[in-house]
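Chemist: Can you keep this structure in mind? I'll have questions shortly.
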Amino acid sequence: MKLIIPMAGRGTRVRPHSHTVPKPLLPVAGTMIIERLVETFIRTLDRKIEEIVYILGPDFGQDIKDQLTAMSDRHDAKTTFRVQFPALGTAHAVACANEDLEGEVIVAFADTLFDSAEKFDLDGADSVIWLKKVEDPSRFGVAVHEGEKITGFVEKPEEFISDLAIIGVYYFKDGAELKRQVNRVMDDGLKGPGGEYFLTAALDNMINEGKVF
Numbered sequence: 638m639k640l641i642i643p644m645a646g647r648g649t650r651v652r653p654h655s656h657t658v659p660k661p662l663l664p665v666a667g668t669m670i671i672e673r674l675v676e677t678f679i680r681t682l683d684r685k686i687e688e689i690v691y692i693l694g695p696d697f698g699q700d701i702k703d704q705l706t707a708m709s710d711r712h713d714a715k716t717t718f719r720v721q722f723p724a725l726g727t728a729h730a731v732a733c734a735n736e737d738l739e740g741e742v743i744v745a746f747a748d749t750l751f752d753s754a755e756k757f758d759l760d761g762a763d764s765v766i767w768l769k770k771v772e773d774p775s776r777f778g779v780a781v782h783e784g785e786k787i788t789g790f791v792e793k794p795e796e797f798i799s800d801l802a803i804i805g806v807y808y809f810k811d812g813a814e815l816k817r818q819v820n821r822v823m824d825d826g827l828k829g830p831g832g833e834y835f836l837t838a839a840l841d842n843m844i845n846e847g848k849v850f
């Protein structure tokens, strides 16, 4: 399994701390945010992470690459670097890893902090999205559902439609299908708020084609 980690964002919400250190490398209780994320997957996934693909901004220096490589090595995973420039949204970020999108993949945005005491059983699942109930869904992409079935996604809804926010972690059994869908979003010019290409548009396409989350 591959772990795809987009981390090219500027971290504007945590400035001034992110002026000198990228947000995912900021420490929380002595451990980098991104390492906490990776350790959560190492502990909770029911299969091994063979490779970690880091999607970086163009100004990430060799010292940062060395830190990330050392982290991958600690978990016996191969390291791959890709670059996102310019930053055109979450779908574009994933598409920057086109060469790596095959087989089982986890996409986890690098500033995501979550924990779980249980193992994630992915057997039999085509795709999985990690969600969290929030008080102010207008700040997030949300999943629209009927019962336990997800029927669509909305980015930063202006009116209440769901309080299940997408936390930025996704599993795809078929990375090649994810590749097809994120590239389709950009080829079709499907821009969302702020003129960006959102991963939720690719997920909507998957649902429209019969995929179940």
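Be aware that the sequence shown starts at 638, since it is given in this note's numbering, and climbs by one per residue. In this text, a Cβ means the ideal position worked out from N, Cα and C, and glycines have one as well. Nothing here was measured: the structure is a model prediction, and the numbers come from that model.
Round the Cβ separation of residue 765 and residue 850 to the nearest angstrom and send it over; I've been treating them as touching at under 8 Å.
Modeler: Confirmed, about 7 Å.
Chemist: Hey, out of 815, 758, 847, whose CA is closest to residue 683's CA?
Modeler: Checked all of 815, 758, 847; the closest Cα to residue 683 is 758.
Chemist: Going residue by residue through the region 708-783, where are the continuous alpha helix (DSSP H) segments of at least 4 residues, counting only ones entirely within it?
Modeler: Counting only runs of 4 or more, we get 727-732.
Chemist: Would you mind listing the beta strand (DSSP E) stretches within the region 786-835 that are 3+ residues and don't spill past its ends, in chain order?
Modeler: Fully enclosed beta strand (DSSP E) runs of 3 or longer: 786-792, 801-809.
Chemist: Is residue 675 helix, strand or coil when you go by DSSP?
Modeler: Looking at residue 675 - three-state DSSP - the assignment turns out to be helix.
Chemist: Check whether the Cβ atoms of residue 679 and residue 743 sit closer than 9 Å, and answer yes or no.
Modeler: The answer is no: Cβ separation not under 9 Å.
Chemist: Check whether the Cβ atoms of residue 670 and residue 708 sit closer than 9 Å, and answer yes or no.
Modeler: Going by C-beta atoms, residue 670 is not nearer than 9 Å to residue 708.
Chemist: Can you give me the C-alpha to C-alpha distance between residue 695 and residue 829, rounded to a whole angstrom?
Modeler: Each residue's Cα considered, the two are about 24 Å apart.
Chemist: Grab the span of the beta strand (DSSP E) containing residue 846 for me, first residue to last.
Modeler: Residue 846 -> no beta strand (DSSP E), and no H or E assigned at all.
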